[in-house]
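Number of protein chains: 2
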Amino acid sequence: MRIVIVGGVAGGMSCAARARRLDESAEIVVLERGAHVSFANCGLPYFVGGEITEERSLLVQTPQSLRAALALDVRTGSEVTAVDISAKTVSVRTEDGTYELSYDALVLSPGASALRPPLPGLDSPRVRTLRTVEDAVALRDEVLAGARRAVVLGAGFIGIEAAEALARQGLEVSVVELAPHPLPPLETELAWLITQELGELGVEVRTGIAAASVEHGDDADVVVLADGARLAADIIVLSVGVWPDTAPFEAAGITCERGAIVVDAHGRTSAPGVWAAGDATVSVDAVTGIRRPVALAGPANRAGRLIADDILRPDDARALPHPVGTAIVRVGRLTAALTGANRAALDAAGIEYRTLHLHPNQHAGYFPGAAQVHLVVHIRTADGALLGAQAVGTEGVDKRIDVLATAIRAGLRVDDLIDLDLAYSPPYGQAKDPVNLAGMVGENVLAGTLRLWYPEDLDEARENALILDVRTPAEYATGFVPSSLNVPHTELRDRLDEVRAAAAGRAVRVMCQSGVRSAIAHRVLVQAGFDSASLSGGMLTLRAWLGARQNEVLERPGVLAHA
Amino acid sequence: MRIVIVGGVAGGMSCAARARRLDESAEIVVLERGAHVSFANCGLPYFVGGEITEERSLLVQTPQSLRAALALDVRTGSEVTAVDISAKTVSVRTEDGTYELSYDALVLSPGASALRPPLPGLDSPRVRTLRTVEDAVALRDEVLAGARRAVVLGAGFIGIEAAEALARQGLEVSVVELAPHPLPPLETELAWLITQELGELGVEVRTGIAAASVEHGDDADVVVLADGARLAADIIVLSVGVWPDTAPFEAAGITCERGAIVVDAHGRTSAPGVWAAGDATVSVDAVTGIRRPVALAGPANRAGRLIADDILRPDDARALPHPVGTAIVRVGRLTAALTGANRAALDAAGIEYRTLHLHPNQHAGYFPGAAQVHLVVHIRTADGALLGAQAVGTEGVDKRIDVLATAIRAGLRVDDLIDLDLAYSPPYGQAKDPVNLAGMVGENVLAGTLRLWYPEDLDEARENALILDVRTPAEYATGFVPSSLNVPHTELRDRLDEVRAAAAGRAVRVMCQSGVRSAIAHRVLVQAGFDSASLSGGMLTLRAWLGARQNEVLERPGVLAHA
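Here the protein sequences line up with chains G and H, keeping their order. Mapping of the first sequence onto my numbering: residues 6 to 568, in sequence order. Mapping of the second sequence onto my numbering: residues 6 to 568, in sequence order.
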């Protein structure tokens with residue numbers, strides 16, 4: 006039996022390795038059009054930034070090591086240009102010419118290429134991508150050769166990593182992003198923290214704007230933006246998205262959807278004996294059911310492995326799980342991570358949801374180094390099912406998102422989070438872990454014990470309600486919503502008459518710094534007969550939300566105008 | 006309605022706070038016999054060790070702050086000495102005398118006291134416990150007053166934290182533990198890493214031995230061990246376990262089991278209108294069903310909250326979940342954490358299980374700072390249900406144990422771990438996270454694709470099988486099992502005849518450094534017709550297991566004798 010695998014990274018190599026472990030007798034040929042297989046594609050920005058110093062560190066495996074360990078026939082510089090699905094052959098182009106190779110099973114894991122928008126001047130040699138080891142080495146060489154200014158087109162995960170890497174190397178870096186904020190999948194109120202951190206790193210962020218053209222110059226190129234701004238650049242990194250590399254397979258009659266290969270629950274394509282995995286395939290989102298390619302290493306590796314199972318032991322092969330879509334990125338001192346669906350995906354899928362905001366410490370507040378995890382959790386209104394979560398902070402972000410990703414995969418509801426026994430000791434967590442706290446807030450919301458209002462409701466609240474700020478006077482003085490009333494939560498029970506007079510029959514919208522004290526105050530108010538709601542995430546969330554919008558309520562970034 | 010709560014830490018205080026949020030009109034009285042409520046009991050060792058510098062940092066709340074925020078009537082220095090369950094009153098002893106207090110609902114959260122074994126001389130003033138803020142302040146005062154030598158009796162979590170704290174302050178510290186290794190709930194092969202780290206910290210560890218007596222002296226006491234060894238000590242920290250503080254409640258006729266209060270699914274005791282939470286209650290282990298008190302903050306807080314629900318909105322109150330029993334401790338540079346059941350608990354419960362050992366890096370190996378997570382996972386033989394997990398390492402331990410604790414709570418099976426979408430980027434994880442890898446190993450074991458052997462089988466393997474070491478010759482030369490054959494896994498396919506000749510009809514027991522290469526080799530051997538098995542966790546696990554046993558195969562600690 007000959008298994009031919011197209012693409013020697015992530016999905017393809019996982020498939021090859023698994024196939025060998027299952028079957029010593031199979032002939033396993035891996036065709037990779039690039040110069041390297043199984044390389045550390047996620048490590049490329051860190052090589053450019055100088056944290057990974059050796060090029061060979063990026064080469065996790067070589068054709069030689071794979072032959073020795075797993076008896077794989079790995080052929081680099083070998084591009085599959087055509088497939089004959091009835092003859093069961095592929096055409097392989099190498100620098101020495103083209104040959105035909107027959108297969109019993111064909112696994113397509115070609116990945117995706119950098120999307121190249123139809124932008125005048127994008128053919129400049131100063132325009133780079135960061136997809137291969139060669140890309141990374143070339144970029145690093147330019148950095149070492151004294152490049153001074155870089156423009157990164159696209160502020161997605163890789164764009165941000167590239168921007169930080171270049172800034173670390175001392176370049177002046179601008180990032181241009183069409184979406185309203187960097188890391189577009191992140192919710193607005195969390196992305197603001199990233200925007201600020203990029204500023205700390207010396208990266209200029211230009212969001213909500215498109216690049217219009219690239220003007221070639223002798224000394225430097227100029228990226229011209231839609232508003233006419235001109236950004237000189239020695240290096241331009243193109244990182245506005247990817248597109249499945251599936252032309253020869255679609256041409257062979259394999260069913261594709263917007264360029265991505267359609268697969269069934271076992272990774273089988275429309276052609277008999279042909280499977281596909283990774284960035285070039287259509288996935289079904291586990292939360293929303295939306296169909297789209299998911300460019301993540303984890304699901305690709307998993308699909309490759311399960312496809313090997315399906316090829317070699319089809320009766321026992323498990324189905325590919327739908328990806329939950331967990332991702333993480335380091336930005337300066339911060340970590341941003343997300344799992345499941347965000348607001349945009351939930352809105353697109355027509356799912357009704359509530360959002361929770363929390364800012365708990367990552368470990369006991371009395372232990373040195375306590376720092377906030379800024380956490381957003383979306384739950385289904387109907388039953389409290391966990392739909393998605395995001396977090397930003399300096400520490401403990403990855404842990405909470407991984408726990409929530411596990412909970413989403415397991416189908417837990419928000420109140421189940423209360424019951425998780427998470428490891429607690431002062432250096433590691435809290436007796437009520439941030440995840441447990443999210444469960445408690447969610448349960449209260451579902452039970453009606455807690456009613457939330459959101460930054461989006463600010464204008465309406467200012468118009469029609471009394472905004473009651475229950476922080477201390479000292480906190481209040483650092484910035485507050487104009488015309489809000491300040492009554493510290495510790496004095497609220499004794500000053501209810503004052504609140505009643507100020508409300509004058511209107512609803513009361515309570516707020517504090519993070520949403521904890523305002524929830525307590527809300528309970529006092531509700532039981533005293535007020536129409537009350539507590540601001541989700543408090544001033545911390547409100548500030549970030551307003552900051553991201555450059556809302557005019559702000560006197561200066563991060564601080565609200567005084568009344 | 007008057008709710009009386011006995012005990013103002015963890016469970017008791019969680020109950021009080023939740024009750025107030027649910028009901029503004031209830032009278033809520035918290036009776037605490039100590040001087041402080043809601044103090045940071047888990048922070049006490051870090052105060053002794055000087056990492057937490059201010060005593061007030063340990064006082065998370067005060068009676069005043071709780072009155073202001075939550076209108077709680079918190080009475081410290083108030084010990085409940087009796088309960089009349091028919092009259093619904095408690096007797097409260099204070100320094101001013103005793104009074105009776107009636108209740109509509111009574112919540113018992115008295116906690117547990119340090120167990121005092123019947124040891125001659127234990128009444129010395131140099132014998133200390135570490136349960137209260139006063140204990141911690143007194144210990145720290147002695148440290149600052151120049152104490153030089155300390156003996157810690159008991160190497161459980163708090164004993165180890167205390168030992169490290171005292172060693173950090175420059176004291177000579179010995180720890181005495183009856184069990185064969187420190188942190189008795191940890192599996193032997195992981196505990197060895199802790200033993201070594203304690204050595205690095207300058208803590209002398211004496212295990213498998215009891216203290217026989219304490220001899221009082223003018224200058225110092227002497228702890229005499231069962232083997233006659235004499236350890237001089239300025240400070241003796243007693244930390245051999247705890248005992249529920251339930252005497253007055255048992256005397257009142259409330260059903261107890263070996264001193265711990267028996268509660269139903271809603272925390273109700275045998276007496277109407279009386280609930281109980283925390284260290285003083287019997288819990289049912291979520292994995293094994295074994296009934297025992299669980300002295301952990303998380304379950305206590307949760308129980309307190311759910312009891313408030315049951316008192317004030319009984320129709321909507323959820324049942325208390327059975328604790329999974331997750332715990333964590335920092336030891337020097339290491340973190341040790343565990344969740345679910347260990348071997349001892351599984352053996353006691355008669356559950357058939359398999360054990361997996363892995364040593365993956367916490368993040369991408371090519372990214373700076375990669376370090377191994379030493380992971381042990383127990384799965385049910387019958388169906389792969391996750392039963393327990395433990396890990397030790399310098400980084401990423403807490404995250405993996407929290408993910409596994411979540412998976413256990415959710416009832417996932419080991420192969421479900423493959424499907425978890427955990428956050429990956431080089432600084433945070435691996436495209437195949439350690440937890441995913443555990444799932445793959447477990448699936449292979451359940452499917453029969455991988456057959457494991459264990460350090461426990463070493464003697465039998467040496468006698469009846471060929472031990473085949475597939476590491477490189479350089480690795481092999483650093484220590485190996487006597488009479489084992491070294492064939493690197495990359496040469497195995499070409500040297501099968503050699504293996505066949507050496508095996509001479511015997512089984513082959515393969516091993517490598519961590520269990521990854523030996524699993525590949527196992528597949529080659531099985532398909533070539535050998536009776537083969539792969540050493541779980543490889544030489545890393547074997548060394549730790551032998552080290553913990555001071556096995557004579559060792560020539561020097563950590564390195565096996567050469568043949």
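Backbone N, C-alpha and C define an ideal beta-carbon position, used for all residues, glycine too.
query                                                                                                                                                                      : result
Name the residue from G/G309, G/D239 and G/V181 whose alpha carbon lies nearest to the alpha carbon of G/A155.                                                             : G/D239
Mapping the DSSP letters down to three states, classify H/S114 as helix, strand or coil.                                                                                   : coil
According to the neighbour-count rule (16 or more other Cβ atoms, all chains shown, within 10 Å of its Cβ), is G/H221 buried or exposed?                                   : exposed
Within the same chain, show all residues whose beta-carbon is closer than 8 Å to that of H/D109, passing over the 5 residues directly before and after it, in chain order. : M6, R7, I8, K93 and G278
Are there three or more Cβ pairs, one per stretch, closer than 8 Å when the region 156 to 173 of chain G is compared with the region 49 to 57 of chain G?                  : yes
Which runs of the beta strand (DSSP E) at least 3 residues long sit entirely within the region 407 to 478 of chain G? Give them in chain order.                            : 470 to 474
Only counting the same chain, and skipping five residues up and downstream in sequence, which positions put a Cβ closer than 6 Å to that of H/V181?                        : L158, R211 and A216
Within the continuous alpha helix (DSSP H) that includes G/L545, where are the two ends?                                                                                   : G543 to R554
G/Q532 versus chain H: which residues are under 8 Å apart at the beta carbon?                                                                                              : D28, E29 and S30
Cβ closer than 7 Å: which chain H residues qualify as neighbours of G/F535?                                                                                                : Per Cβ cutoff of 7 Å: no residues; G/F535 is ~12 Å from chain H at best.
Just the chain G side, please: which residues come within less than 8 Å of H/S244 by C-beta, in chain order?                                                               : Ordered by position in chain G, no residue passes the 8 Å Cβ test against H/S244, which lies about 15 Å from the chain.
Quick one: residues in its chain with C-beta nearer than 6 Å to the C-beta of G/A549, no 5 flanking neighbours on either side, listed in chain order?                      : E194 and W197
CB H/D284 to CB H/A300, shorter than 7 Å?                                                                                                                                  : yes
Would you say the region 264 to 275 of chain G touches the region 185 to 192 of chain G, given that touching needs at least three Cβ pairs under 8 Å?                      : no
Okay, do the region 238 to 255 of chain H and the region 131 to 141 of chain H touch, 3+ Cβ pairs below 8 Å being the bar?                                                 : yes
In whole angstroms, give me the CA-to-CA distance for G/V208 and G/G161.                                                                                                   : 14 Å
Is the distance from the Cβ of G/A117 to the Cβ of G/D250 below 7 Å?                                                                                                       : yes
Leaving out the 5 sequence neighbours to the left and right, which residues in its chain are closer than 8 Å to H/L540 when beta-carbon positions are compared?            : L457, W458, Y459, P460, R514, V515, M516, C517, G520, S523, T546 and L547
Sorted by chain position, which residues of the same chain lie with C-beta nearer than 6 Å to H/G213's C-beta, five sequence neighbours on each side aside?                : P185
Locate the beta strand (DSSP E) running through H/Y358, then write down its first and last residues.                                                                       : Y358 to L363
Would you grab the beta carbon distance between H/L343 and H/I406 for me? Rounded to a whole angstrom, and I think it's under 8 Å.                                         : 7 Å
I'd like to know whether the C-beta of H/C20 is nearer than 7 Å to at least one C-beta of chain G.                                                                         : no
Show which residues of chain G have a CB atom less than 7 Å away from the CB atom of H/D232.                                                                               : Per Cβ cutoff of 7 Å: no residues; H/D232 is ~32 Å from chain G at best.
Please report whether the beta-carbon of G/S523 lies at a distance below 7 Å from any beta-carbon of chain H.                                                              : no
Are any of the Cβ atoms in chain H nearer than 7 Å to that of G/P365?                                                                                                      : no
Taking a contact to mean a Cβ-Cβ separation below 7 Å, would you say H/G272 touches H/I312 in this structure?                                                              : yes
Looking at the secondary structure, which residues open and close the alpha helix (DSSP H) in which H/L497 lies?                                                           : Here H/L497 belongs to no alpha helix (DSSP H), and DSSP marks it neither H nor E.
Spatial neighbours of G/P122 within its chain, please: C-beta separation below 7 Å, excluding the five flanking residues on both sides.                                    : V245
Against chain G, which members of the region 286 to 308 of chain H pass a CB distance test of less than 9 Å?                                                               : A291, L301, A302, G303, P304, A305, N306 and R307
Thinking C-alpha only, which one of H/V531, H/G345, H/F44 and H/A512 is nearest H/E465?                                                                                    : H/A512
For H/D321, which residues in chain G fall below 9 Å Cβ to Cβ?                                                                                                             : A452
Using the C-alpha atoms, what's the distance from G/G542 back to G/A482?                                                                                                   : 19 Å
Just reading off the alpha helix (DSSP H) that G/L317 is part of, what are its end residues?                                                                               : A302 to L317
Residues of chain G with CB closer than 9 Å to the CB of H/A74, please, in chain order.                                                                                    : H494, T495, R522 and I525
Could you list the residues in the region 40 to 57 of chain G with a C-beta less than 7 Å from some C-beta on chain H, going in chain order?                               : A45, C47, G48, Y51, E56 and I57
Under 7 Å, Cβ to Cβ, is there at least one residue of chain H near G/Y371?                                                                                                 : yes
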